[in-house]
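To start, the structure itself, in structure tokens.
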Amino acid sequence: MSGGAAGGVRVEGKEGEGGREVEVEVVIGLPTLGLGPAAAVARGLGLDRYIPLGYSRKFWYDDKLSTLISSITSPDGQKRVYLDPNLLELVRGKKVVIVDDAVSSGKTLNAIWNFLTSPAIGCQVIAAGVLMKQGGKWRDVLGEERARHVVGVFESPVLRAVEGGWDLA
Numbered sequence: 001m002s003g004g005a006a007g008g009v010r011v012e013g014k015e016g017e018g019g020r021e022v023e024v025e026v027v028i029g030l031p032t033l034g035l036g037p038a039a040a041v042a043r044g045l046g047l048d049r050y051i052p053l054g055y056s057r058k059f060w061y062d063d064k065l066s067t068l069i070s071s072i073t074s075p076d077g078q079k080r081v082y083l084d085p086n087l088l089e090l091v092r093g094k095k096v097v098i099v100d101d102a103v104s105s106g107k108t109l110n111a112i113w114n115f116l117t118s119p120a121i122g123c124q125v126i127a128a129g130v131l132m133k134q135g136g137k138w139r140d141v142l143g144e145e146r147a148r149h150v151v152g153v154f155e156s157p158v159l160r161a162v163e164g165g166w167d168l169a
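Residue 149 in UniProt numbering sits at position 149 of the sequence shown, with consecutive numbering throughout.
As structure tokens, then:
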């Protein structure tokens, strides 16, 4: 994925296939550290707003518009992520980009991807953008098709152990 015209991104096809320009209709930010970057991505795509997901259940929320996640930062317990039902019509059936701070285990991103593409919401996930890709375990969790649509600002680890010290990875 790379930047294209306002509201669009270039999505690469399978190896040997050319890419194509796809219009992004909605940017969805993951709590908590993905919310700031989501606003910037939306602006960069020429969109007026982004849709935040949240951990806090408000009294008007519907559990049908939530999903359980586990992550590297909460491995022992699962948290629930909610979509405000008042925002559902802004995302239902739309072409979306998911934005988060990092992908490490891939569990959170995969759960959110499944949630957004479920029949209740029906999004088409065009890409997922993260600030940092941590390691490579997330690729196995997401699978080859989804992993191809994940872009990051940088990857870690930057260093690898070598005899007598460290070297650039």
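We treat Cβ as the ideally placed atom computed from N, Cα and C, and that holds for glycine.
Requested in this report: For Arg43, count neighbouring C-beta atoms within 10 Å of its own C-beta (all shown protein chains included) and say buried if the count is 16 or more, exposed if not.
Outcome: Counting Cβ neighbours within 10 Å, Arg43 comes out exposed, since fewer than 16 surround it.
Query raised in the report: Residues bridged to Ala128 by DSSP?
Result: Beta-bridge annotation (DSSP): Ala128 is paired with Ile98, Val150.
Query raised in the report: How far does the alpha helix (DSSP H) with Leu109 in it reach, from first residue to last?
Result: Taken as a continuous stretch (DSSP letters only), the alpha helix (DSSP H) holding Leu109 covers 107 to 117.
Query raised in the report: Ordered along the chain, which non-local residues of its own chain (more than five positions away) have a Cβ less than 6 Å from that of Arg80?
Result: A distance below 6 Å between beta-carbons, with the five flanking residues on each side excluded, links Arg80 to the following residues of its chain, in chain order: Ser66, Leu68.
**Report entry** Where the beta strand (DSSP E) containing Gly29 begins and where it ends
**Finding:** Segment 26 to 29, the beta strand (DSSP E) holding Gly29.
Report task. On the DSSP bridge assignment, give the partners of Ala161 in chain order. Result -> Among the bridge pairs identified by DSSP, Ala161 is matched with Trp166.
Query raised in the report: Terminal residues of the continuous alpha helix (DSSP H) containing Leu35?
Result: For Leu35, the enclosing alpha helix (DSSP H) starts and ends at 35 to 44.
Requested in this report: With a threshold of 7 Å, establish whether the CB of Ala120 neighbours any heavy atom of the ligand PLP.
Outcome: In terms of ligand content, the structure shown is empty, and the ligand PLP therefore cannot be addressed.
Query raised in the report: Closest to Arg92 by CA distance: which of Trp113, Ala120, Gly152, Glu23 is it?
Result: Nearest option by C-alpha distance: Ala120.
Query raised in the report: Whose C-alpha, out of Lys137, Ile98, Gln134, Ser104, is nearest the C-alpha of Cys123?
Result: Nearest C-alpha to Cys123 among Lys137, Ile98, Gln134, Ser104: Ile98.
Requested in this report: For Glu155, write down the residues that DSSP places opposite it in a beta bridge.
Outcome: Lys133, per the DSSP bridge assignment.
Query raised in the report: Nearest-angstrom Cα distance between Trp113 and Lys64?
Result: The straight-line gap separating the alpha-carbon atoms of Trp113 and Lys64 is approximately 15 Å.
Requested in this report: Decide if the segment 98 to 107 is in contact with the segment 130 to 137; the criterion is three or more beta carbon pairs, one per stretch, under 8 Å apart.
Outcome: Flag = yes, the segment 98 to 107 and the segment 130 to 137 touch.
Query raised in the report: With distances taken between CB atoms, is the gap from Val125 to Val96 smaller than 8 Å?
Result: Yes, the Cβ-Cβ distance between Val125 and Val96 is below 8 Å.
Report task. Report the rounded CA-to-CA distance for Ala161 versus Asp167, giving the unit in angstroms. Result -> If you draw a straight line from the Cα of Ala161 to the Cα of Asp167, it comes to about 7 Å.
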